[in-house]
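2 protein chains.
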Amino acid sequence: MAKVSSPTEIERCLESLTAVFQKYAGKDGYNYILSKTEFLSFMNTELAAFTKNQDPGVLDRMVKRLDTNSDGQLDFLEFLNLISGLAMACHDSFLKAVPSQKQI
Amino acid sequence: MAKVSSPTEIERCLESLTAVFQKYAGKDGYNYILSKTEFLSFMNTELAAFTKNQDPGVLDRMVKRLDTNSDGQLDFLEFLNLISGLAMACHDSFLKAVPSQKQI
Chain H
1 MAKVSSPTEI ERCLESLTAV FQKYAGKDGY NYILSKTEFL SFMNTELAAF TKNQDPGVLD
61 RMVKRLDTNS DGQLDFLEFL NLISGLAMAC HDSFLKAVPS QKQI
Chain Y
1 MAKVSSPTEI ERCLESLTAV FQKYAGKDGY NYILSKTEFL SFMNTELAAF TKNQDPGVLD
61 RMVKRLDTNS DGQLDFLEFL NLISGLAMAC HDSFLKAVPS QKQI
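Chains as they are written, first to last, in full-length UniProt numbering: chain H, 1 to 104; chain Y, 1 to 104.
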């Protein structure tokens, strides 16, 4: 039987990003766009550790900031901007937590 | 013993993005920037399925396009732009493969 190599961490991550977006975006039948309700469901389920300590208005402000074309919904690119912002925050926290790390 | 919930798919993905970047960026001692050599190592290891069928000049052109501040290296934000581009390509492929999917 041919050997199938398992996906790398990054390949798994790319698959997760598309699958999770489609899972939540597909709740109302359109799996290429996140309505505000679907976004709130995504945030409160997939990122509950982040949302549980936030002011109730934070998610509303996040939708407004992410919704760059102001159509009241989030497409996949707008969703990826959220992921990038969160990843940047994780990365910055790591750099601050490692003060001995060499930086220019 | 207190119950520790396992990370969600998105939390795992955020962790992977930062950890994999730092793993490759740290090869020369600075784990907040990817040199061109580190980028090639990352691409040929983590995304080998993508790179193996590409023209040899593709990775050079990718570095130039991703390196928005033209310093010859990639910071984490520039790396995230690569991830977003790849995720968009996966998402677009999915939408094309599902022609019955409702779209505006």
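Cβ coordinates follow ideal geometry from the N, Cα and C atoms, glycine included.
Just so we're clear, the structure is a prediction, and the values are computed from it rather than from any experiment.
- Contact between Leu40/Y and Leu59/Y holds: their C-beta atoms lie close to 6 Å from each other, under 8 Å.
- Less than 8 Å divides the Cβ of Phe76/Y from the Cβ of Phe21/Y.
- Residues of the same chain with a CB within less than 7 Å of the CB of Tyr24/Y, apart from the 5 flanking positions on each side, are Leu34, Glu38, Ser41 and Phe42 in chain order.
- Inter-residue distance for Leu74/Y and Ala87/Y is about 18 Å (C-alpha atoms, whole angstroms).
- Interface annotation, Ala87/Y: in contact with chain H, CB-CB separation under 8 Å.
- Within chain H, no residue has its beta carbon less than 7 Å from that of Phe39/Y; the closest one is some 13 Å off.
- In the structure shown, Leu86/H adopts helical secondary structure according to DSSP, grouped into three states.
- Boundaries of the alpha helix (DSSP H) around Leu66/H: Val58 to Leu66.
- Less than 8 Å divides the Cβ of His91/Y from the Cβ of Thr18/H.
- In the DSSP assignment, Thr45/Y falls within the unbroken alpha helix (DSSP H) covering Lys36 to Glu46.
- Here Asp92/Y carries a helix assignment [DSSP, helix/strand/coil].
- Within the model, the alpha-carbon separation for Thr45/Y versus Leu82/H is close to 27 Å.
- Rounded to whole angstroms, the gap between the alpha carbons of Leu80/H and Phe79/Y is 13 Å.
- An exposed status is given to Val98/Y, since fewer than 16 other beta-carbon atoms sit within 10 Å of its beta-carbon.
- Residues are counted here when their Cβ sits less than 8 Å from a Cβ of chain Y; for the region 6 to 26 of chain H these are Thr8, Glu9, Ile10, Glu11, Arg12, Cys13, Leu14, Glu15, Ser16, Leu17, Thr18, Ala19, Val20, Phe21 and Gln22, given in chain order.
- By the 16-neighbour rule on beta-carbons within 10 angstroms, Asn69/Y is exposed.
- Residue pairing from DSSP places Asp75/H in a beta bridge opposite Ile33/H.
- DSSP, reduced to helix, strand and coil, places Gln54/Y outside both helices and strands of the structure shown, so it counts as coil.
- Residue state for Ser16/H is assigned as helix, using DSSP reduced to three classes.
- The Cβ neighbour count for Asn31/Y, taken over all protein chains shown within 10 Å, is at least 16; the residue is labelled buried.
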